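> Numbering (the numbering used here), first residue to last: -17 to 140.
1. Looking only at C-alpha atoms, which of 114, 73, 112 sits nearest to residue 99?
2. For the 8 Å Cβ check, are there 3 or more pairs between the region 97 to 113 and the region 33 to 52?
3. For the alpha helix (DSSP H) that contains residue 98, what are its first and last residues?
4. Name the residue from 63, 25, 54, 23 whose alpha carbon lies nearest to the alpha carbon of residue 33.
5. Need the endpoints of the beta strand (DSSP E) that residue 45 sits in, please.
6. From residue 4 to residue -3, what does the alpha carbon distance come to, in whole angstroms?
7. Below 8 Å between beta carbons: does that hold for residue 19 and residue 58?
8. Based on the DSSP output, what are the partners of residue 31 in its beta bridges?
9. Do you know whose CA, among 123, 79, 30, lies nearest residue 226's CA?
10. Just checking my contact of residue 67 with residue 88 at CB under 8 Å: how many whole Å lie between their CB atoms?
11. Please confirm whether residue 1 and residue 9 have their CB atoms less than 8 Å apart.
12. For residue 119, count neighbouring C-beta atoms within 10 Å of its own C-beta (all shown protein chains included) and say buried if the count is 16 or more, exposed if not.
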């Protein structure tokens, strides 16, 4: 399965120039834990970073930094990892594990923002796949019980 099939397309974005408080408000209003930081390039929104609610707590609140003067550009992730819509889901999961990240912007073939995929998204897909496997096992057992009658008691092992 390709990541473009499962990513969230409605991404909450911001630019490096917005303030920390405004970013937190955006997260709250949209019920998300992250913002993808973008810049306009040739009419396309290109991701340059990700800021999470955790970044705001750890980088700003916990250090008693001045909320009013800080901008998203001051705390956004510097090493952005993105994936392409055509990347395989399991490859993306492995990449996230290798880098210890829970969210990854998804880009199109031109590098423009196409969506975002989170660990929660991937867990939901894997849970559905495991559920389908469990149903298959149950059906197989049921099919076998119908096609193979119970063993006569005279043949049962003692």
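No residue lacks a Cβ here, since even glycine has one placed at the ideal position from N, Cα and C. Being a predicted model, the structure only gives us computed values, none of them experimental.
Well, looking at it:
1. 73
2. no
3. Residue 98 -> not in any alpha helix (DSSP H); beta strand (DSSP E) instead, spanning 95 to 100.
4. Checked all of 63, 25, 54, 23; the closest Cα to residue 33 is 54.
5. Residue 45 -> no beta strand (DSSP E), and no H or E assigned at all.
6. C-alpha separation (whole angstroms): 11 Å.
7. yes
8. For residue 31, the pairing in a beta bridge is given by DSSP as 19.
9. What is shown of the chain runs -17 to 140, which leaves residue 226 out entirely.
10. 6 Å
11. Not in contact: residue 1 and residue 9 (Cβ atoms no closer than 8 Å).
12. exposed
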